[in-house]
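Numbering (this note's numbering), first residue to last: 102 to 282.
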């Protein structure tokens, strides 16, 4: 695939993915404000954006059905074990390189809310990497992850399998606010 087209597809994939999430968030706002049909419209449109992102993602395959290794490392679809490695590596990159650099800029510009948001994300990404590593051990043994409950803190994104926690260790949110999956 032409490098420029590949870059454009990756950019379009990112934009559609962001639109998908933005519409889900805006749908939540509409629902909280009592606009059920507007919320449904946002949800339907979010799903349409996901379709667009999937089309762009699939278009990045080369003629053999593979993803180019150099330009797409960690981006394609593989088996679950390899996907967990790519996911873990992405979380590690975010927590050790991306967010620290972003935090440094936000601190220089004295953007307190941005600093707080990114510090929460940094800490949560480290936990996500650990969760992926734990899951990979099970998958590599041919087993599913042993997690009766998967709980997520709605304030910072911390994920735990332990329903006996009283509060989020990152942001202090009470555990009764955690979302169960």
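For glycine and all other residues, C-beta sits at the position ideal for the given N, C-alpha and C.
* **Exposure of residue 237, with buried meaning 16 or more beta-carbon neighbours within 10 Å** => For the purposes of this step, residue 237 is identified with residue 136 of the chain shown, where counting begins at 1. Buried, since its Cβ has 16 or more Cβ neighbours within 10 Å.
* To do: Could you check the C-alpha separation between residue 281 and residue 159 for me, to the nearest Å?
  => What you label residue 281 is simply residue 180 of the chain shown in a count that begins at 1. What you label residue 159 is simply residue 58 of the chain shown in a count that begins at 1. The straight-line gap from Cα to Cα measures roughly 31 angstroms.
* Beta-bridge partners of residue 284, as assigned by DSSP -> Because the chain spans 102 through 282 in this model, residue 284 falls outside it and cannot be assessed.
* Asked: Buried or exposed: residue 209, going by 16 or more other Cβ atoms within 10 Å of its Cβ?
  -> Here residue 209 refers to the residue found at position 108 of the chain shown. Per the 10 Å Cβ criterion, exposed.
* What is the DSSP secondary structure of residue 216, counted as helix, strand or coil? -> Here the question's residue 216 lines up with position 115 in the chain shown. Reduced to three states, the DSSP call for residue 216 is helix.
* To do: Tell me, please, which residues DSSP counts as bridged to residue 281.
  => Here residue 281 refers to the residue found at position 180 when the chain shown is read from its first residue. DSSP output for residue 281 lists 252 as bridge partner(s).
* **Neighbourhood of residue 150 by C-beta distance below 7 angstroms, restricted to the same chain and skipping five residues each side** => As a position in the chain shown, residue 150 is number 49, starting the count at 1. Once the five neighbours on either side are set aside, the close Cβ partners of residue 150 are 117, 120, 121, 124.
* Assign residue 275 to one of three DSSP states: helix, strand, or coil. => Walking along the chain shown from the start, residue 275 turns up at place 174. Strand at residue 275.
* Is there contact here, the segment 221-228 with the segment 191-201, by at least three beta-carbon pairs under 8 angstroms? -> yes
* residue 133 to residue 253, Cα distance in whole Å? -> What you label residue 133 is simply residue 32 of the chain shown in a count that begins at 1. What you label residue 253 is simply residue 152 of the chain shown in a count that begins at 1. Using only the alpha carbons, I get a separation of about 20 angstroms.
* Taking the continuous alpha helix (DSSP H) assigned at residue 158, which residues delimit it? -> Translated into positions along the chain shown, residue 158 becomes position 57. Segment 137-160, the alpha helix (DSSP H) holding residue 158.
* Just the Cα atoms here: how many angstroms apart are residue 189 and residue 182? -> As a first step, residue 189 is located in the chain shown; it is residue number 88 there, counting from the start. As a first step, residue 182 is located in the chain shown; it is residue number 81 there, counting from the start. Between residue 189 and residue 182, the C-alpha separation is close to 11 angstroms.
* Asked: Quick one: Cα of residue 268 to Cα of residue 261, how far?
  -> Mapped onto the chain shown, residue 268 falls at position 167. Mapped onto the chain shown, residue 261 falls at position 160. Whole-angstrom Cα-Cα distance: 11 angstroms.
* **Closest by C-alpha distance to residue 201, when choosing among 222, 214, 186** => Residue 201 sits at position 100 when you count from the first residue of the chain shown. For the residues 222, 214, 186, the minimum Cα distance to residue 201 belongs to 222.
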